[in-house]
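**Q**
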Amino acid sequence: MSPRRHQHPHPLPLDHPLPIDADGPQPLDRTVDRRAFLARAAAVSAAAGIAATLPASAASGSAASTGSGGLAGPAAAPAGLAGKDRPGLDVASAYAKPRPAAMADPTELTLAEAAWMIRNRQISPLELVDAYLARIGAFEATYQAFNTVLADAAREAAGAAGRRQRRGPLHGMPLAIKDNYYTQGVPTTANSFLFKDFVPAFDATAVASLKAAGAIVLGKTQMGPLATTRATTPAGVITTVNAWTPTNPGVNPGGSSTGTATAVAARLAAAGTGTQTGGSITAPSNAQNLTGLKPTMGRVSLYGIIPLSYTRDHPGPLARDAKDAAIMLTAMAGEDPADPRTEGLPKVPDLIGAATPVHTGGRLRLRWSTRIGVLPGYSDGTSETAAARRAFLSAMAAIRGVTLIEVPFPDEWDLLTGNEFNNVRLPERSEPFMPYLRSDLRGFGVSVIGWLQGALMGANEYVTGQRAKLLLLERVLDQVFDRCDVVVQTSPTPFDAIGLPEIGFPIGFTSAGEPVGTILGGLPYGEDRLLSVVAAYQAVSDWHWRRPADPPAAQLRTPAGRGRISAEEAAEQSQ
Amino acid sequence: MTPAPPSDAELNTMIRTRLAMLGIDLDQLPAGTAADPETGAPGRDTALASLRSFMRGTVTPLAAYQLPAPEGTGAPADPALSQQRAPMMYPSISVEWRK
């Protein structure tokens with residue numbers, strides 16, 4: 050017989066003052082900062098949270114049917130971002146009068162320019178969406194940037210936007226959403242056999258926030274299977290090409306946010322979203338002449354995004370310049386009760402203002418005086434990339450407020466950022482996928498080896514890896530950022546392990562016409578400074594204004610034989 | 556005394572056993588080295604070779620890594636006494652906690 054629970058004859062509500070309270074300080078249990086506690090607990094709770102985020106395994110027998118017969122993810126929709134911890138979007142600096150050369154073709158416009166056109170009724174959201182859909186109709190067979198194009202839904206949303214009060218610079222903006230972001234009622238596959246039938250019941254928090262700001266989901270984009278490599282089918286067949294080399298699928302378009310990068314670069318979408326676990330925003334941005342911002346861990350909610358490695362997954366924008374990236378991130382960032390990693394952090398600063406160049410006396414200067422750290426070997430050598438880096442540093446040095454400073458690699462940099470410690474991320478991907486590993490190994494396609502590797506790593510090594518991450522961060526802070534405010538990167542991945550922000554942006558082209566980009570890394574929650582530096586550089590350079598030529602007519606159908614990535618190659622290249 | 560490095564056969568047994576304990580049967584993959592033409596999933600011999608390389612190339616070096624002792628806490632050779640920093644899954648977030 051179970052014991053009877055004691056019932057207080059007159060239960061008090063929790064907030065009722067107890068009658069025997071003494072005067073003076075109260076016990077801590079009711080005064081502790083709950084939000085700060087949640088943030089501290091994130092390291093523990095995130096693992097459980099991410100498991101809840103993963104769509105239920107069909108093979109586990111726990112899949113519940115959605116309205117469309119797909120897999121069921123978590124039933125709870127995100128509460129959405131209240132916006133109280135971030136600045137407003139509808140600010141004057143979010144709008145830019147278009148360049149005359151861009152007025153004739155709406156798909157040439159940046160977000161800020163298109164927003165100016167819509168605000169001034171020079172174009173309607175429907176006309177803007179139709180312009181992008183026309184390019185998709187003409188060229189998508191070659192680019193293969195999308196998994197799903199939502200033409201009808203986008204036109205309907207654009208029509209409604211045209212009849213509704215304007216919401217800000219994202220009002221009516223057609224966006225490309227990476228296919229690992231949940232989109233309500235729209236298949237979300239992460240390019241995997243495992244999720245081919247998954248239709249989420251709600252939008253990811255980041256998608257919901259973009260839509261609340263007026264943006265329109267134009268389509269879901271091709272990506273490396275489960276966010277691992279450049280975009281391929283789950284079986285490894287190469288799909289998406291670099292927008293700058295549509296006739297040569299051998300040129301790496303960057304991964305795993307490949308489809309978003311190609312869509313934005315090829316003017317099939319105004320901007321888009323990606324995720325970065327090992328360079329997946331900055332690498333495709335560099336490869337395709339875009340400005341991509343990987344924010345600090347926690348700045349953007351991961352709720353409603355199919356996980357890869359939960360301590361390293363970072364959602365962020367891929368855009369055409371720093372201002373557009375700032376507009377996108379302002380909408381995406383902020384506290385989300387559904388993701389405790391976003392709580393207890395500094396407020397989102399004025400990113401759009403930060404991305405607005407400053408002139409004094411008609412002369413450009415940095416918004417904030419900034420020491421740019423240059424790592425050893427960054428611009429050494431005779432390669433075209435090295436030459437572009439030297440030219441970039443020279444251009445920066447000529448901007449008032451910039452100081453270039455040589456900084457060393459921190460102690461044991463090669464070891465702590467090398468392949469072995471990078472692999473510490475792997476158990477994070479295998480653990481939430483255990484039901485699939487037990488029942489459907491072939492369903493992982495070419496990506497399976499990384500998931501098996503994760504299942505083999507022992508907890509001892511994993512704990513050592515977590516300790517090493519803090520060691521690496523402390524060395525980066527103490528040995529690099531004690532001398533500089535931002536630092537060039539020589540690889541896209543080290544700051545992913547320690548959650549620091551990075552921005553990738555264009556700095557030139559090779560003689561073959563392929564973009565050359567570079568990456569700057571910043572201090573925790575230093576996205577505003579990164580944007581200010583890149584905005585100043587983009588005020589004295591024109592790489593970001595350049596657009597790739599359309600594919601030649603002979604390429605307007607899908608060429609056969611784009612190649613295939615093997616499982617071993619996928620394991621080596623995996624993000 | 557340092558044990559002899561495991562042979563391929565020993566590693567194969569270890570890998571299969573570890574996976575089996577987790578409920579994962581490597582025989583779901585095609586036999587041999589040829590990939591499944593439909594899904595691209597590797598043959599199980601290919602997977603085993605890659606996993607052996609992972610065990611030797613990643614797990615062993617990670618296990619061998621000796622974190623430096625925090626200043627003033629003792630010799631690195633005594634890690635249990637050296638008051639190592641707590642593991643941190645989210646280092647950048649932890650910066651805010653420690654301000």
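Residue numbers (this note's numbering), protein chains in the order written: chain A, 50 to 624; chain B, 556 to 654.
Think of the CB as a built atom: it goes at the ideal place given N, C-alpha and C, for glycine as much as any other residue.
1. Report yes if the CB atom of residue 502 of chain A is closer than 9 angstroms to the CB atom of residue 566 of chain B, and no otherwise.
2. If you draw a straight line from the alpha carbon of residue 633 of chain B to that of residue 618 of chain B, how long is it in whole angstroms?
3. Short of 8 angstroms Cβ to Cβ, which residues in the stretch 590–618 of chain B face chain A?
4. Quick one: what's got a C-beta closer than 7 angstroms to residue 146 of chain A's C-beta in the same chain, skipping five residues either side?
5. In the DSSP assignment, find the unbroken beta strand (DSSP E) run with residue 616 of chain A in it and report its ends.
6. Check whether chain B comes within 9 angstroms of residue 110 of chain A, counting only Cβ atoms and requiring the distance to be less than that.
7. Reducing DSSP to helix, strand and coil, say where residue 293 of chain A ends up.
8. Could you check if residue 562 of chain B is buried or exposed, using at least 16 other CB atoms within 10 Å of its CB as the buried criterion?
9. For residue 627 of chain B, I'd like the list of residues in its chain whose CB is within less than 6 angstroms of its CB, leaving aside the five on either flank, ordered along the chain.
10. At 7 angstroms on the CB atoms, spell out the chain B contacts of residue 510 of chain A, in chain order.
11. Using 9 angstroms as the limit for Cβ to Cβ distance, is residue 395 of chain A near chain B?
12. Any C-beta of chain B sitting closer than 9 angstroms to the C-beta of residue 267 of chain A?
13. Give me the chain A residues within the contact set of residue 573 of chain B, using Cβ-Cβ distance strictly less than 7 angstroms, ordered along the chain.
14. Residues of chain B with a CB under 7 angstroms from the CB of residue 502 of chain A: which are they?
15. Roughly how many whole angstroms lie between the Cα atoms of residue 436 of chain A and residue 457 of chain A?
16. Is the distance from the Cβ of residue 642 of chain B to the Cβ of residue 357 of chain A below 9 angstroms?
17. So if DSSP puts residue 427 of chain A in a beta bridge, which residue, or which two residues, is it bridged to?
18. Fully enclosed by the stretch 439–483 of chain A, which beta strand (DSSP E) runs are 3 residues long or longer?
19. Name the two residues that bound the continuous beta strand (DSSP E) containing residue 195 of chain A.
20. Could you tell me whether the Cβ of residue 483 of chain A comes closer than 9 angstroms to any Cβ of chain B?
21. Decide if the stretch 457–476 of chain A is in contact with the stretch 499–514 of chain A; the criterion is three or more beta carbon pairs, one per stretch, under 8 angstroms apart.
22. Less than 8 angstroms between C-beta atoms, sequence neighbours within five positions excluded: which residues of the same chain meet that for residue 611 of chain A?
23. Looking at the C-beta of residue 624 of chain B, does it have a partner C-beta in chain A at a distance below 9 angstroms?
24. Pull the bridge partners of residue 269 of chain A from the DSSP assignment, please.
25. Would residue 586 of chain A and residue 441 of chain A qualify as a contact pair, given that the criterion is a beta-carbon distance under 9 angstroms?
26. Rounded to whole angstroms, what is the Cα-Cα separation between residue 323 of chain A and residue 366 of chain A?
27. Is the CB of residue 565 of chain B under 9 angstroms away from at least one CB in chain C?
28. Pull out every residue of the stretch 336–368 of chain A whose Cβ sits closer than 8 angstroms to any Cβ of chain B, in chain order.
29. Using a Cβ-Cβ distance under 9 angstroms, would residue 642 of chain B count as near chain A?
30. Within the present structure, is the beta-carbon of residue 460 of chain A separated from the nearest heavy atom of the ligand ATP by less than 8 angstroms?
31. I want to verify the contact list: residues of chain A whose CB lies under 7 angstroms from the CB of residue 646 of chain B, in sequence order.
32. Start and end of the beta strand (DSSP E) containing residue 552 of chain A?
33. Taking beta-carbon pairs under 9 angstroms, can you tell me which members of the stretch 277–288 of chain A lie near chain B?
34. Would DSSP call residue 536 of chain A helix, strand or coil?
35. For residue 499 of chain A, which residues from the same chain have a beta carbon less than 7 angstroms from its beta carbon, with the 5 sequence-adjacent residues on both sides left out?
36. Are residue 555 of chain A and residue 339 of chain A close, meaning C-beta to C-beta below 9 angstroms?
**A** Answer, in terms of the structure:
1. Against the first sequence, residue 502 of chain A aligns to sequence position 453. Against the second sequence, residue 566 of chain B aligns to sequence position 11. Not in contact: residue 502 of chain A and residue 566 of chain B (Cβ atoms no closer than 9 angstroms).
2. Taking the first residue of the second sequence as 1, we reach residue 633 of chain B at position 78. Taking the first residue of the second sequence as 1, we reach residue 618 of chain B at position 63. Approximately 16 angstroms between the Cα atoms of the pair.
3. Flagged, chain order: 590, 591, 593, 594, 595, 596, 597, 601, 602, 605, 606, 609, 610, 612, 613, 614, 616, 617 and 618.
4. Residue numbering aside, residue 146 of chain A sits at position 97 when the first sequence is read from its first letter. Cβ neighbours of residue 146 of chain A beyond the five flanking positions: 165.
5. Against the first sequence, residue 616 of chain A aligns to sequence position 567. First-last for residue 616 of chain A: 616–622, but that is the alpha helix (DSSP H), not the beta strand (DSSP E).
6. The sequence position of residue 110 of chain A within the first sequence is 61, counting from 1. Caution is warranted here: a pLDDT of 38 is assigned to residue 110 of chain A, below 50, making its placement in the model unreliable, and the coordinate value is therefore given only provisionally. No, residue 110 of chain A lies away from the interface with chain B (no Cβ there is under 9 angstroms from its Cβ).
7. In the first sequence, residue 293 of chain A corresponds to position 244, counting from 1. Coil at residue 293 of chain A, not helix or strand.
8. Here residue 562 of chain B refers to the residue found at position 7 when the second sequence is read from its first residue. Under this definition residue 562 of chain B is an exposed residue.
9. Counting from 1 along the second sequence, the entry for residue 627 of chain B is found at position 72. Excluding positions up to five away in sequence, the list is empty.
10. Residue mapping note: residue 510 of chain A aligns to position 461 of the first sequence, counting from 1. In chain order: 614, 617 and 618.
11. Translated into the one-based positions of the first sequence, residue 395 of chain A becomes position 346. For residue 395 of chain A, at least one C-beta of chain B is nearer than 9 angstroms to its own C-beta.
12. Numbered from 1 along the first sequence, position 218 holds the residue referred to as residue 267 of chain A. Residue 267 of chain A has a beta carbon lying at 9 angstroms or more from every beta carbon in chain B.
13. Locating residue 573 of chain B in the second sequence gives position 18, where the first residue counts as 1. Neighbours of residue 573 of chain B on chain A, chain order: 505.
14. If you number the first sequence from 1, residue 502 of chain A lands on position 453. Contact of residue 502 of chain A with chain B by beta-carbon distance below 7 angstroms involves 606 and 609.
15. As a position in the first sequence, residue 436 of chain A is number 387, starting the count at 1. As a position in the first sequence, residue 457 of chain A is number 408, starting the count at 1. Cα-Cα distance, rounded: 21 angstroms.
16. Taking the first residue of the second sequence as 1, we reach residue 642 of chain B at position 87. Taking the first residue of the first sequence as 1, we reach residue 357 of chain A at position 308. Cβ atoms of residue 642 of chain B and residue 357 of chain A: not closer than 9 angstroms.
17. Counting from one through the first sequence, the residue named residue 427 of chain A turns up at place 378. Residue 427 of chain A pairs with nothing; no bridge assigned.
18. Fully enclosed beta strand (DSSP E) runs of 3 or longer: 449–455.
19. On the first sequence, residue 195 of chain A is found 146 positions in, with the first residue counted as 1. 195–198 is the extent of the beta strand (DSSP E) around residue 195 of chain A.
20. Here residue 483 of chain A corresponds to residue number 434 of the first sequence, with the count starting at 1. Interface residue, yes.
21. A contact exists between the stretch 457–476 of chain A and the stretch 499–514 of chain A.
22. Translated into positions along the first sequence, residue 611 of chain A becomes position 562. Annotation for residue 611 of chain A: 286, 287, 288, 290 and 298 place their beta carbon closer than 8 angstroms to its own, counting only its chain and skipping 5 residues before and after.
23. The residue given as residue 624 of chain B occupies position 69 in the second sequence. By this cut-off, residue 624 of chain B is not an interface position.
24. Counting from one through the first sequence, the residue named residue 269 of chain A turns up at place 220. Answer by DSSP bridge pairing, in chain order: A/197 and A/226.
25. Within the first sequence, residue 586 of chain A is the residue found at index 537, counting from 1. Within the first sequence, residue 441 of chain A is the residue found at index 392, counting from 1. Yes. Within cutoff.
26. As a first step, residue 323 of chain A is located in the first sequence; it is residue number 274 there, counting from the start. As a first step, residue 366 of chain A is located in the first sequence; it is residue number 317 there, counting from the start. CA-to-CA, the gap between residue 323 of chain A and residue 366 of chain A works out to about 6 angstroms.
27. Annotation note: the requested chain C is absent from the structure, which comprises protein chains A and B.
28. So the list reads 345, 346, 347 and 360, given in the order they occur along the chain.
29. Taking the first residue of the second sequence as 1, we reach residue 642 of chain B at position 87. Under the 9 angstroms criterion on CB atoms, residue 642 of chain B is classed as interfacial with respect to chain A.
30. With respect to the ligand ATP, the structure shown offers nothing to examine, as it has no ligands at all.
31. In the second sequence, the residue the question calls residue 646 of chain B occupies position 91. By Cβ distance, chain A contributes 518, 519, 522, 547 and 548.
32. For the purposes of this step, residue 552 of chain A is taken as residue 503 along the first sequence, with counting starting at 1. Bounds of the beta strand (DSSP E) holding residue 552 of chain A are 551–558.
33. Within the stretch 277–288 of chain A, those residues whose Cβ lies closer than 9 angstroms to any Cβ of chain B are, in chain order, 281, 282, 283, 284, 285 and 286.
34. Start at 1 with the first residue of the first sequence, and residue 536 of chain A comes out as number 487. In this structure, residue 536 of chain A counts as strand in the three-state DSSP scheme.
35. What you label residue 499 of chain A is simply residue 450 of the first sequence in a count that begins at 1. Taken in chain order, the residues that qualify are 277, 475, 478, 620 and 623.
36. The count along the first sequence starts at 1 and reaches residue 555 of chain A at position 506. The count along the first sequence starts at 1 and reaches residue 339 of chain A at position 290. In this structure, residue 339 of chain A lies closer than 9 angstroms to residue 555 of chain A by Cβ.
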